[in-house]
Amino acid sequence: MSQQQSPDNVSIDEIPVDIDNTQSAEVDSADVPDEIESITRWLAGEQPPTNPLVVLKAARWWYIHGKGGTDPAFQWAIEWARHLATDTPSDIERFDEF
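First residue of the sequence shown: 51, per my numbering; consecutive thereafter.
What follows is the structure, encoded as structure tokens:
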């Protein structure tokens, strides 16, 4: 069964993408979906997620709704996903910016 989507609100999973608010300078914490907020907090914790697909879900959301490629949450999520995929040390400067 397919779900109807309006041109202003699309998604490829359960997390909505609000086209009107893409790559805005400010993200209101009330607008962050619970799942993305949870993953983002997990990324900032001492035991971040180990599933790169979970990390990339958050990266995608922050890229779309944050500051694009310059968003610190996006950059750290991508850096952590790279670390998970290649088993190489992560760039701690990205974490500090995050």
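Glycine residues also receive a C-beta, built at the ideal position from the N, C-alpha and C atoms.
query	result
Can you name the start and end residues of the alpha helix (DSSP H) that THR136 belongs to?	122-136
Quick check on this structure: which residue in GLU147, TRP126, THR136 has the alpha carbon closest to the alpha carbon of PRO98?	TRP126
Alpha carbon to alpha carbon, how far is GLU85 from ALA131? Give it in angstroms, no decimals.	17 Å
With burial defined as no fewer than 16 other Cβ atoms inside 10 Å of the residue's Cβ, what is the status of THR90: buried or exposed?	buried
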